[in-house]
Amino acid sequence: PFGETQAGKSACKSSDPYCLGGIGVTGTLAANRIAKEADTVLAIGSRLSDFTTGSKWLFREEGVQVLTINNNRYHAYKMDAIKAVGDAKATLEELAKALREKNYRSAYKGEIESCKAEWDKEYKRLAEYAYKEEGFEPLIEERDPRTIPEFVEKTQGYLTQTAAIAALRRKMPADGIVITAGGSLPSCMQRLWTTDSRYAYHAEYGYSCMGYEVAATLGVKMAEPEKEVYAVLGDGSFQMLHSEIMTIVQEKKKVNILVFDNCGFGCINNLEMTHGVGSIATEFRYTTGQKPEGELILVDYAKVGEGYGLKTYTCKTVQELEEALEDAKKQDRTCLFDLKVIPKTMTNGYEAWWDVGMAAVSKKESVKEAYEEVIRHREEARKY
Numbered sequence: 496p497f498g499e500t501q502a503g504k505s506a507c508k509s510s511d512p513y514c515l516g517g518i519g520v521t522g523t524l525a526a527n528r529i530a531k532e533a534d535t536v537l538a539i540g541s542r543l544s545d546f547t548t549g550s551k552w553l554f555r556e557e558g559v560q561v562l563t564i565n566n567n568r569y570h571a572y573k574m575d576a577i578k579a580v581g582d583a584k585a586t587l588e589e590l591a592k593a594l595r596e597k598n599y600r601s602a603y604k605g606e607i608e609s610c611k612a613e614w615d616k617e618y619k620r621l622a623e624y625a626y627k628e629e630g631f632e633p634l635i636e637e638r639d640p641r642t643i644p645e646f647v648e649k650t651q652g653y654l655t656q657t658a659a660i661a662a663l664r665r666k667m668p669a670d671g672i673v674i675t676a677g678g679s680l681p682s683c684m685q686r687l688w689t690t691d692s693r694y695a696y697h698a699e700y701g702y703s704c705m706g707y708e709v710a711a712t713l714g715v716k717m718a719e720p721e722k723e724v725y726a727v728l729g730d731g732s733f734q735m736l737h738s739e740i741m742t743i744v745q746e747k748k749k750v751n752i753l754v755f756d757n758c759g760f761g762c763i764n765n766l767e768m769t770h771g772v773g774s775i776a777t778e779f780r781y782t783t784g785q786k787p788e789g790e791l792i793l794v795d796y797a798k799v800g801e802g803y804g805l806k807t808y809t810c811k812t813v814q815e816l817e818e819a820l821e822d823a824k825k826q827d828r829t830c831l832f833d834l835k836v837i838p839k840t841m842t843n844g845y846e847a848w849w850d851v852g853m854a855a856v857s858k859k860e861s862v863k864e865a866y867e868e869v870i871r872h873r874e875e876a877r878k879y
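Per this note's numbering, residue 496 is the first one in the sequence shown, and the count goes up by one each step.
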C-alpha cells in the first residue's frame, strides 16, 4: 500500500487498489493508520517533511525501518534511513527485481481493504456534510460561539467546505487540473481529492504559500491550454495576492477561481484556538476599541471579479455551486466563484500530530496544558 504526499498526489491513479490517499498531518485515516503499523517505510522521492512524517511521530511501530530513494543525498539521509541515491524509476526496477528473486510476498491480508473501506465511509460523510439550523455540529470544535450563527445570518451561506470540494470533484472534467496552496484547503484537498488523470493536482505546500494560487492557475493554463484549470483558495489567500488576475485578463486566458469565503484566516484561527491561545485577529471583524472584535466584515468577491471583467457567480448552496460550475464550462473568459462557506467546516486531523511551536511560559492555563501535550508528543517522536 502507498500514501501520497502533496507533491506526489496524482502521480498515480487514485483508483489504484493500493492507494490510501494523502499521508501525514493532512492525510487520510487509511494512510495514517497503515503508516503507524508499518514495519518498513519506503519513501520515494520524498523530502520527508514535517507534515509528511507527522513531525517524525507518525511511524510508530517498534523497530520500524525507513528506506529512502532520492536523487538528493540530503533528503535521502533523513529519518536515519537506509538510503539509495539515484533515479526513482531505475532504483525501483532494480529493487523489484531483487525482491522477485527472493520470492518476496507482502504480509498484508485484509488490512488494506478494511482501512480503505473505513475511509470511504468517512469520505461519504464529509461529502454529504450539510448545515442545519438545529443541532449543527462543526467539524472543528474550538471556536468563537458567535461566529457561525452570525456568518449564516449575514451571508445566508449554507455551504460546508467539505461538501463544496465534493461538488467540484463531481462537476469538474475528469482531466481538469486543480491548484491549491495556503490555509485549510490543502488539508481538505489532500484528503478528499481523487483523480485518475496524471499530474492533475498541483499544490504548493512546501511553506503553505498563501497567494500562490491565482498566479499558478495562469501558469498551469499556459502549460495545459486545452484543459480546464481550477484554483481553490480561501478569502485570506485571495486578500493576500490576487493581482495576477490582471495578467490573466491581459493574456485572454480562461481559468476558474473558487474563493472559499469564511470571513477570516480559518486555518490559523484553528491553530490558535486548539493550542489554548484563543482567537486573535484571525477573523475579519470590525475594530471596537483597540481590538478587531466587532461584527464580521462582509466582502462581495463576485463584485471584485466583475471589476476585472470576469464572469462571476455567488454560491451559497451546493445546488448553486453545481449549477455555476456547469455554466462556467460554456464560458470563454475567466470565471470567479464567490463561495460563502461556513467557518469550521474544514476537515480535522486523522491520527497524526503536528509539532506547532508553543510558549513554554504563560499565565493562561489552556496554553500550559497545550504545551504539556506538545512535550508529551515530542518524547514519543523520533529524534532524527
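C-beta atoms are modelled at their ideal positions from N, C-alpha and C, and glycine is treated no differently. None of these values were measured; they are calculated from a predicted model.
Alpha-carbon spacing of THR842 relative to THR689, whole angstroms: Along the sequence shown, one-based indexing puts residue 842 at 347. Along the sequence shown, one-based indexing puts residue 689 at 194. Computed Cα separation, rounded: 16 Å.
Separation of ALA506 from LEU543, as counted between CA atoms: Here residue 543 corresponds to residue number 48 of the sequence shown, with the count starting at 1. Here residue 506 corresponds to residue number 11 of the sequence shown, with the count starting at 1. Cα to Cα, the separation comes out at about 17 Å.
Same chain, Cβ closer than 8 Å to ALA823, five either side skipped, listed in chain order: By one-based count along the sequence shown, residue 823 stands at place 328. Excluding positions up to five away in sequence, the list reads ASN751, LYS806, TYR808, CYS830, PHE832.
Backbone secondary structure at TYR618 - three-state DSSP: As a position in the sequence shown, residue 618 is number 123, starting the count at 1. Residue state, collapsed to three classes: helix.
Best match in VAL836, GLY714, TYR781, ASN757 for proximity to LYS748 [C-alpha to C-alpha]: Here residue 748 is taken as the residue at index 253 of the sequence shown, counted from 1. Per the Cα distances, GLY714.
Cβ pair TRP614, THR523 closer than 9 Å: Walking along the sequence shown from the start, residue 614 turns up at place 119. Walking along the sequence shown from the start, residue 523 turns up at place 28. Yes. Within cutoff.
Exposed unless 16 or more other CB atoms sit within 10 angstroms - verdict on PRO681: Within the sequence shown, the letter at position 186 stands for residue 681. That one is buried.
Contacting residues, own chain, Cβ-Cβ under 6 Å from LEU621 (five flanking each side not counted): Here the question's residue 621 lines up with position 126 in the sequence shown. Cβ neighbours of LEU621 beyond the five flanking positions: THR657.
C-beta atoms of ALA695 and GLY677 nearer than 9 Å: Sequence index remark: in the sequence shown, residue 695 carries index 200 (1-based). Sequence index remark: in the sequence shown, residue 677 carries index 182 (1-based). No. Outside cutoff.
Contact under 9 Å by Cβ, ILE564 with ALA538: In the sequence shown, the residue the question calls residue 564 occupies position 69. In the sequence shown, the residue the question calls residue 538 occupies position 43. Contact flag set, yes.
Residues bridged to VAL794 (per DSSP): Taking the sequence shown and counting its residues from 1, the one referred to as residue 794 is at position 299. Its beta-bridge partners do not exist; DSSP assigns none.
Inside the stretch 779-854 only - alpha helix (DSSP H) runs reaching at least 4 residues: 796-802, 813-823
Three-state secondary structure assigned by DSSP to PHE866: What you label residue 866 is simply residue 371 of the sequence shown in a count that begins at 1. One point to set straight first is that residue 866 is Tyr, not Phe, in the sequence displayed. TYR866 falls in the helix class under three-state DSSP.
Where CYS514 falls: helix, strand or coil (DSSP): In the sequence shown, residue 514 corresponds to position 19, counting from 1. CYS514: strand per DSSP, three-state reduction.
Residues that DSSP places opposite ALA538 in a beta bridge: The residue you call residue 538 lines up with position 43 of the sequence shown. In DSSP, ALA538 forms a bridge with THR563.
Counterpart residues of ASP639 in DSSP-defined beta bridges: Taking the sequence shown and counting its residues from 1, one reaches residue 639 at position 144. Per DSSP, none; premise fails for ASP639.
Cβ pair TYR707, LEU736 closer than 9 Å: Residue mapping note: residue 707 aligns to position 212 of the sequence shown, counting from 1. Residue mapping note: residue 736 aligns to position 241 of the sequence shown, counting from 1. Against a cut-off of 9 Å, the Cβ pair of LEU736 and TYR707 comes out as a contact.
Cβ contact (3+ pairs, closer than 8 Å) linking the stretch 855-863 and the stretch 753-773: yes
Where LYS825 falls, given that 16 or more other Cβ within 10 Å makes a residue buried: Numbered from 1 along the sequence shown, position 330 holds the residue referred to as residue 825. Its Cβ having fewer than 16 others within 10 Å, LYS825 is exposed.
Simplified DSSP state of LEU594, which is helix, strand or coil: On the sequence shown, position 99 is the one that residue 594 refers to. Looking at LEU594 - three-state DSSP - the assignment turns out to be helix.
Residues of its chain near THR586, where Cβ-Cβ distance is below 8 Å and the 5 sequence neighbours each way are ignored: In the sequence shown, residue 586 corresponds to position 91, counting from 1. Contacts found: ILE564, ALA579.
Cβ pair count under 8 Å reaching 3, the stretch 725-732 against the stretch 549-562: no
Where the beta strand (DSSP E) through TYR700 begins and ends: Working through the sequence shown from its first residue, we reach residue 700 at position 205. Premise fails: TYR700 is in no beta strand (DSSP E) and is neither H nor E.
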